[in-house]
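Visitor: Next up is a structure, given as structure tokens.
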Amino acid sequence: MTKDGRVVVSHDGNLLRQTGHNVNIGDTTYEELPQYKQSLEVTFFPGHMSSGTDHRIPLLEEVFQRFPNKPINVEVKEDNDELIRKVSELVKRYQRTERTIWAATSDRVMKKCRKENPDMPFMFTPRRGVVLLLLYYTGLLPFVDVPESVVETYMPSIINRLVYLWVLNQDSDFRRALDCGVTGIMTDYPSKLHTFLQEYEGQQRTRGAEAQNAVSDSDQQRTHL
């Protein structure tokens with residue numbers, strides 16, 4: 001959150017890596033925020049660069065306006081009561097409570113998020129993720145209440161939770177993930193993933209039609225016997 005109380009979307013709190021300027025978001029007004037560099041190295045894809053035409057740091061409100069029907073997880077990286085309150089207010093204003101997910105690495109911050117807006121789904125914190133794994137491998141998971149709604153890692157679908165993989169950037173990884181039945185994929189290349197999904201879904205429809213035709217042919221053969 002900026003010094004003048006604007007909620008922005010940024011991976012880093014300090015903008016040196018992203019903009020080349022050693023400033024903290026919380027110490028700067030929104031109008032004074034520096035723009036992104038012309039190109040940035042992809043954090044989870046070393047050696048690969050990404051660039052775009054709009055170098056402004058976006059407001060969370062702008063993201064909600066641009067993608068009204070898309071599920072979005074909001075990771076709160078500061079232990080800041082005002083920030084948490086403003087995020088919740090934006091979620092309610094844009095009527096996206098069921099499509100916006102609380103995320104945090106701190107159990108303390110997550111507790112505050114859930115208290116501020118308990119109707120929003122929320123992810124496992126790292127500590128809770130370890131607990132989940134221990135429960136699963138000890139066979140105790142079916143007997144324990146799990147209030148979290150989303151797992152941001154690979155887990156078997158039998159736990160009845162949404163599963164998002166983070167971070168995938170190559171077609172081969174997209175395909176393996178979807179073939180395993182994941183709920184969603186997080187990527188540094190959303191346009192690339194969008195193109196892949198269109199091709200993948202087309203292939204799935206073709207395979208489904210071929211399988212249905214094979215079943216029909218088999219039924220006809222049995223009928224003639």
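As numbered in the UniProt record's numbering, residues 1 to 225 make up the sequence shown, in order.
The C-beta atom is built at its ideal place from N, Cα and C for all residues, glycine as well.
Keep in mind it's a predicted model, so treat the numbers as computed, not measured.
For the region 58-109, list the beta strand (DSSP E) runs that are entirely contained and at least 3 residues long, ordered along the chain.
Guide: 72-75, 100-103, all fully within the region 58-109.
Visitor: Spatial neighbours of THR19 within its chain, please: C-beta separation below 7 Å, excluding the five flanking residues on both sides.
Guide: Here residue 19 refers to the residue found at position 19 when the sequence shown is read from its first residue. Contacts found: PRO34, GLN35, TYR36, LYS37.
Visitor: Just how far apart, CA to CA, sit THR2 and GLY26?
Guide: As a working note, residue 2 is residue 2 in the sequence shown. As a working note, residue 26 is residue 26 in the sequence shown. Distance between the alpha carbons of THR2 and GLY26: 4 Å.
Visitor: Which residue marks the beginning of the alpha helix (DSSP H) containing VAL172, and which one marks its end?
Guide: Taking the sequence shown and counting its residues from 1, one reaches residue 172 at position 172. Sequence check: residue 172 is Ser here, not Val. Taken as a continuous stretch (DSSP letters only), the alpha helix (DSSP H) holding SER172 covers 171-179.
Visitor: May I have the straight-line CA-CA distance separating GLY129 from LEU16, to the nearest angstrom?
Guide: Walking along the sequence shown from the start, residue 129 turns up at place 129. Walking along the sequence shown from the start, residue 16 turns up at place 16. Using only the alpha carbons, I get a separation of about 31 Å.
Visitor: Which residues bound the alpha helix (DSSP H) around TYR137?
Guide: To locate residue 137, count along the sequence shown from 1; it is residue 137. Taken as a continuous stretch (DSSP letters only), the alpha helix (DSSP H) holding TYR137 covers 126-137.
Visitor: I need the boundaries of the beta strand (DSSP E) containing LEU16, first residue and last residue.
Guide: Taking the sequence shown and counting its residues from 1, one reaches residue 16 at position 16. That residue, LEU16, is in no beta strand (DSSP E); its alpha helix (DSSP H) goes 16-19.
Visitor: Kindly indicate which three-state DSSP category GLY202 falls into: helix, strand or coil?
Guide: Stepping through the sequence shown from its first residue, residue 202 is reached at position 202. In this structure, GLY202 counts as helix in the three-state DSSP scheme.
Visitor: If you count every other CB in all the chains shown that lies within 10 Å of the CB of LYS111, and 16 or more means buried, which is it?
Guide: Start at 1 with the first residue of the sequence shown, and residue 111 comes out as number 111. Label assigned to LYS111: exposed.
Visitor: Hey, how far is the Cα of THR183 from the Cα of ILE101?
Guide: The count along the sequence shown starts at 1 and reaches residue 183 at position 183. The count along the sequence shown starts at 1 and reaches residue 101 at position 101. So the two alpha carbons sit approximately 14 Å from each other.
Visitor: What does the alpha-carbon distance come out to for the pair PHE122 and LEU168?
Guide: Translated into positions along the sequence shown, residue 122 becomes position 122. Translated into positions along the sequence shown, residue 168 becomes position 168. For PHE122 and LEU168, the distance between alpha carbons rounds to 21 Å.
Visitor: Under the rule that 16 or more other beta-carbon atoms within 10 Å means buried, what is VAL144, buried or exposed?
Guide: The residue given as residue 144 occupies position 144 in the sequence shown. By the 10 Å Cβ count, VAL144 comes out exposed.
Visitor: Should TYR137 go down as buried or exposed, given a rule of 16 or more other Cβ atoms within 10 Å for buried?
Guide: If you number the sequence shown from 1, residue 137 lands on position 137. TYR137 comes out exposed.
Visitor: Sort GLN204, VAL23, LEU90 by Cα distance to ASN117 and report the nearest one.
Guide: Mapped onto the sequence shown, residue 117 falls at position 117. Of the listed residues, the one whose Cα sits closest to ASN117 is LEU90.
Visitor: Which stretch, first to last residue, makes up the beta strand (DSSP E) that contains ILE185?
Guide: Here residue 185 is taken as the residue at index 185 of the sequence shown, counted from 1. ILE185 -> beta strand (DSSP E) spans 184-186.
Visitor: Just verifying my parser: in three-state terms, what is the DSSP assignment at PHE196?
Guide: If you number the sequence shown from 1, residue 196 lands on position 196. Here PHE196 sits in helix by DSSP.
Visitor: Which value, in whole angstroms, describes the spacing of the CA atoms of ALA191 and GLU41?
Guide: What you label residue 191 is simply residue 191 of the sequence shown in a count that begins at 1. What you label residue 41 is simply residue 41 of the sequence shown in a count that begins at 1. Note that residue 191 is Ser in the sequence shown here, rather than Ala. For SER191 and GLU41, the distance between alpha carbons rounds to 17 Å.
Visitor: Based on Cα-Cα distance, which residue from PRO68, VAL87, ASN69 lies nearest to LYS77?
Guide: Numbered from 1 along the sequence shown, position 77 holds the residue referred to as residue 77. When each option's Cα is compared against that of LYS77, the closest is VAL87.
Visitor: Which same chain residues, not among the five before or five after GLN13, have their C-beta less than 8 Å away from its C-beta?
Guide: Locating residue 13 in the sequence shown gives position 13, counting from the first residue. The question names Gln, yet the displayed sequence has Gly at residue 13. Taken in chain order, the residues that qualify are ASN24, ILE25, GLY26, LYS77, GLU78.
Visitor: Rounding to the nearest angstrom, what Cα-Cα distance links GLN203 and ARG176 in this structure?
Guide: Mapped onto the sequence shown, residue 203 falls at position 203. Mapped onto the sequence shown, residue 176 falls at position 176. Between GLN203 and ARG176, the C-alpha separation is close to 14 Å.
Visitor: Since I believe LEU162 is in contact with VAL150 (beta carbons under 8 Å), could you give me their beta-carbon distance rounded to a whole number of angstroms?
Guide: Taking the first residue of the sequence shown as position 1, residue 150 is located at position 150. Taking the first residue of the sequence shown as position 1, residue 162 is located at position 162. Yes, they are in contact, since the Cβ atoms of VAL150 and LEU162 sit about 5 Å apart, within 8 Å.
Visitor: Can you tell me whether DSSP reads PHE143 as helix, strand or coil?
Guide: Taking the sequence shown and counting its residues from 1, one reaches residue 143 at position 143. It is helical.
Visitor: Can you give me the C-alpha to C-alpha distance between LEU132 and GLU98, rounded to a whole angstrom?
Guide: Residue 132 sits at position 132 when you count from the first residue of the sequence shown. Residue 98 sits at position 98 when you count from the first residue of the sequence shown. In a straight line, the C-alpha of LEU132 is about 23 Å away from that of GLU98.
Visitor: Classify GLY191 as helix, strand or coil using the three-state DSSP reduction.
Guide: As a first step, residue 191 must be located in the sequence shown, where it is residue number 191. It should be pointed out that residue 191 corresponds to Ser in this sequence rather than to Gly. The answer is helix: DSSP assigns SER191 an H, G or I state.
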